[in-house]
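Novice: Below is the structure I would like to discuss, written out as structure tokens.
Residue numbers (this note's numbering): 1221 to 1640.
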């Protein structure tokens, strides 16, 4: 990619949510907004290398996209055409006070509206993620299809169905009021978290394709932070994603097997991400309005602050999980709390904590992997083997299965050592 194309691509990516959001306000149709934005991008690729970057790329794209779309409508209606392309695309012309008056006062609502639409409650989670990646992030249908391991045609249909549902629901395009903002901010944050989870849970075999979703989710989190700079849960969400993603380089070995937290090389963790995440956690805590994302981020922060695995403050981590259970009761949270409890009070008490979860987590890979680990620590080898076998049958990725097979190999080796 040439230098010109590189900076233009970065500018278009950064400006996309605001520009698409404003064009959606003008045209009240997702397809029309996308087409107008794409036309503006084509004109930017033609104009910017010669004339230089505009002072406000988003305002430039909004004005050019809107004018180009209106030009098309007028041509079809045989009305008077707008000025020629050179006049429409002139940098000085579009960066007028009028552009700022039209768009500057509305950009926050425009971006929120765009995100609200992508996480419309009538859409299933998979369609919300796909639509957000297409509309807000600008990924191609081909890229999104690779992420979800489906065909390009199937993903095109998924996105088309999502747009049709939104159109059928007659979603309002007016600026969202304070009550709606508050109610739907949680849905917007969860959508960003879903995007992150899709990337973070990828195995080694799909990490190259899916892990960039983590970076995109972090970008969405930072975007929300610019809109809600004093909202502690948005700080917590962004911090959580930064702290989790800071370990990306150490989560898998050269053979593709998952590397446990205790075995990761902490010198390879991304210190810049950790620093940004820790600062956000500290800032969020000062608001004294705890929420689930803040609690999870605080747990991740304790791991990040420990220079060695042995230095981890497991008692504080367990206390945070207790608080998280109160906020959002979940068997998965209890399972994670049990892991912390095992470090503080031993595997016997931790095993007793998770036994009641067997029915609720009967198809959950991590339940059987964790149970097998506790049983192994207690010397109950045969029961551990059975738990590990069940975990392998439920593994979502080859890396998960490989990790459990390593535990079984350890059991076999120990048994042979005792027999000899």
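Beta carbons: idealized from backbone N, C-alpha and C, even for Gly.
Being a predicted model, the structure only gives us computed values, none of them experimental.
Decide if residue 1464 is buried, meaning its Cβ has at least 16 other Cβ atoms within 10 Å, or exposed.
Specialist: Buried.
Novice: What three-state label does DSSP hand residue 1474 in the structure shown?
Specialist: Residue 1474: coil per DSSP, three-state reduction.
Novice: Using the Cα positions of residue 1409 and residue 1450, report the straight-line distance between them to the nearest angstrom.
Specialist: If you take the alpha carbons of residue 1409 and residue 1450, they lie about 15 angstroms apart.
Novice: Against chain C, does residue 1411 count as a neighbour if the rule is that its beta carbon must be under 8 angstroms from one of theirs?
Specialist: Considering every chain present, this structure includes no chain C. It has just one protein chain.
Novice: Counting pairs of Cβ atoms below 8 angstroms between the stretch 1359-1373 and the stretch 1334-1343, do you hit three or more?
Specialist: Output reads no: the stretch 1334-1343 does not touch the stretch 1359-1373.
Novice: Measure the CB-CB distance between residue 1379 and residue 1337 and report whether it falls below 8 angstroms.
Specialist: Taking 8 angstroms as the Cβ cut-off, residue 1379 and residue 1337 do not qualify as a contacting pair.
Novice: Given a cut-off of 8 angstroms, decide if residue 1591 and residue 1574 are closer than it, judged by their beta-carbon atoms.
Specialist: A contact, by the Cβ cut-off of 8 angstroms.
Novice: Can you have a look at residue 1604 and say buried or exposed, based on whether 16 or more other CB atoms are within 10 angstroms of its CB?
Specialist: Result: buried.
Novice: Does the count of Cβ pairs from the stretch 1256-1265 and the stretch 1276-1291 closer than 8 angstroms reach three?
Specialist: Yes: at least three Cβ pairs fall under 8 angstroms.
Novice: May I ask you to verify whether the stretch 1569-1589 touches the stretch 1607-1626, counting CB pairs closer than 8 angstroms and requiring at least 3?
Specialist: Counting Cβ pairs under 8 angstroms, three or more are found: they touch.
Novice: Please classify residue 1399: is it buried, with 16 or more other beta-carbons within 10 angstroms of its beta-carbon, or exposed?
Specialist: Answer is exposed; the Cβ neighbour count stays below 16.
Novice: Just to confirm the assignment, what range does the alpha helix (DSSP H) spanning residue 1585 have?
Specialist: Counting along the chain, the alpha helix (DSSP H) containing residue 1585 begins and ends at 1585-1597.
Novice: On the CB-based measure, 16 or more other CB atoms within 10 Å of its CB, does residue 1419 come out buried or exposed?
Specialist: With 16 or more other Cβ atoms within 10 Å, it is buried.
Novice: Return helix, strand or coil for residue 1446, following the three-state DSSP convention.
Specialist: Helix, per DSSP.
Novice: How big is the Cα-Cα spacing for residue 1446 and residue 1578?
Specialist: When rounded, the distance between both Cα atoms is 43 angstroms.
Novice: Start and end of the alpha helix (DSSP H) containing residue 1268?
Specialist: First-last of the alpha helix (DSSP H) with residue 1268: 1250-1271.
Novice: Going by beta carbon distance, what residues of the same chain come within less than 6 angstroms of residue 1461, once the five residues before and after it are set aside?
Specialist: For residue 1461, where only same-chain residues beyond five positions count, the Cβ hits under 6 angstroms are 1416, 1437, 1438, 1441.
Novice: What does a CB cutoff of less than 6 angstroms around residue 1497 pick up in its chain, not counting 5 residues either side in sequence?
Specialist: Hits under 6 angstroms: 1459, 1462, 1463.
Novice: Which of the three DSSP states, helix, strand or coil, is assigned to residue 1530?
Specialist: Of the three classes helix, strand and coil, the one that applies to residue 1530 here is helix, per DSSP.
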